[in-house]
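Residue numbers (our numbering): 238 to 467.
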Ligand SMILES: [Zn+2]
Ligand SMILES: [Zn+2]
């Protein structure tokens, strides 16, 4: 089933200008440009309900393959085809795989930090800011890993370089956005970057998309993860 609006399943539309909208679930009013063609607006907080479960799942995970980990998260109830939950999931899968690959990291506190920072990256930044949230999530991952702050030297550089490399790959494929494709691209870029810069080798396996049937804007043969394109 192709679904976009989490209330009625109808496609989403983006207005030219922001409008005051009321969340159909919690009735909070805020400005946004996105609603479904039937007029439903769902705020980011309601859209990411259940996201707290990521931490528990990741703490029990033993895999060092971040794609496998994020696919497990994608299969969970809280995860929609598209949505800002991916902004937490990419970094959480990477932190978990990094730890399981022998990386030095206190995973539980790192995951809480990832959730708190990733939740601040709103939906739609890919098109509106020119910075896909899945790409930003890989930069947050690197920042947490290295303890970067705005005052750091080398760590500051690495975190920004991580985001830029992920965004380059995401941008080169072109839109429309797909939160699955962009999450995989950010993760695969991070696996290479961490091996190169930090010497920790996470697992990397072939990725085949399992979600194209649910994506109204699937780019099909242009997608690196379409079956047969690997
Ligand atoms: Zn709707
Ligand atoms: Zn709401």
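Positions of the beta carbon are idealized from the N, C-alpha and C atoms, including for glycine.
Since the model is a prediction, treat every value here as computed from it, not as a measurement.
> So what does DSSP say about residue 295, is it helix, strand or coil?
Replying inline: Along the chain shown, read from residue 1 onward, the residue named residue 295 stands at position 58. Looking at residue 295 - three-state DSSP - the assignment turns out to be helix.
>> Please return the same chain residues whose Cβ sits closer than 6 Å to the Cβ of residue 419, not counting the five positions on each side in sequence.
In response: Reading the chain shown from its first residue, position 182 is the one you call residue 419. Shown here for residue 419: same chain residues with a beta carbon closer than 6 Å to its own, the five before and five after excluded, namely 369, 371 and 407 in chain order.
> Counting along the chain, where does the alpha helix (DSSP H) carrying residue 468 start and finish?
Replying inline: Given that the chain is displayed from residue 238 to residue 467, the structure contains no residue 468 and the question cannot be resolved.
> Is residue 322 buried or exposed, if buried means 16 or more other CB atoms sit within 10 Å of its CB?
Replying inline: Walking along the chain shown from the start, residue 322 turns up at place 85. Classification of residue 322: buried, given that the 10 Å Cβ count is 16 or more.
> What residues match up with residue 278 in a beta bridge as DSSP calls it?
Replying inline: Locating residue 278 in the chain shown gives position 41, counting from the first residue. Per DSSP, the beta bridge partners of residue 278 are 260.
> Are there 16 or more other CB atoms within 10 angstroms of the CB of residue 319, so buried, or fewer, so exposed?
Replying inline: One-based indexing of the chain shown puts residue 319 at position 82. That one is buried.
> Smallest Cα separation from residue 405: which of 417, 347, 250 and 422?
Replying inline: Reading the chain shown from its first residue, position 168 is the one you call residue 405. Distances from the CA of residue 405 to each of 417, 347, 250 and 422 were compared; the closest alpha carbon is that of 422.
>> Going by beta-carbon coordinates alone, are residue 311 and residue 417 separated by less than 9 Å?
In response: Position 74 of the chain shown holds residue 311. Position 180 of the chain shown holds residue 417. Taking 9 Å as the Cβ cut-off, residue 311 and residue 417 qualify as a contacting pair.
>> If you measure from each CB to the nearest heavy atom of ligand 2 and keep those under 7 Å, what residues do you get, in chain order?
In response: Residues flagged by the Cβ proximity filter: 260, 262, 263, 265, 279, 280, 282 and 283.
> Using the C-alpha atoms, what's the distance from residue 426 back to residue 462?
Replying inline: Taking the chain shown and counting its residues from 1, the one referred to as residue 462 is at position 225. Taking the chain shown and counting its residues from 1, the one referred to as residue 426 is at position 189. Whole-angstrom Cα-Cα distance: 14 Å.
>> What does the Cβ neighbour count give for residue 258, buried or exposed, with the cut at 16 atoms within 10 Å?
In response: On the chain shown, residue 258 is found 21 positions in, with the first residue counted as 1. Residue 258 should be labelled buried.
> Cβ of residue 453 versus every heavy atom of ligand 1: is any distance shorter than 8 Å?
Replying inline: Translated into positions along the chain shown, residue 453 becomes position 216. Residue 453: no, Cβ never under 8 Å from ligand 1.
> Hey, which residues come within less than 6 Å of ligand 1, measuring from Cβ to any heavy atom, in chain order?
Replying inline: Those residues, listed in chain order, are 242, 244, 245, 247, 273, 275 and 277.
> Any idea which residues DSSP pairs residue 267 with across the strands?
Replying inline: For the purposes of this step, residue 267 is taken as the residue at position 30 of the chain shown. By DSSP's assignment, residue 267 forms a beta bridge with 258.
>> Within a Cβ cutoff of 7 Å, which residues of the same chain sit near residue 355, ignoring the five residues on either side of it in sequence?
In response: Locating residue 355 in the chain shown gives position 118, counting from the first residue. The residues are 324, 325, 328, 374 and 377.
> On the three-state DSSP scale, how would you describe residue 435?
Replying inline: In the chain shown, counting from the first residue as 1, residue 435 sits at position 198. Three-state result, residue 435: helix.
> Leaving out the 5 sequence neighbours to the left and right, which residues in its chain are closer than 8 Å to residue 251 when beta-carbon positions are compared?
Replying inline: Indexing the chain shown from 1 puts residue 251 at position 14. The residues are 270, 271, 361 and 364.
> How is residue 289 classed by DSSP in three states: helix, strand or coil?
Replying inline: Counting from one through the chain shown, the residue named residue 289 turns up at place 52. Note: residue 289 maps to coil in three-state DSSP.
> Among 285, 415 and 443, which has the Cα closest to the Cα of residue 303?
Replying inline: As a first step, residue 303 must be located in the chain shown, where it is residue number 66. Residue 443 is the option with its Cα nearest to residue 303.
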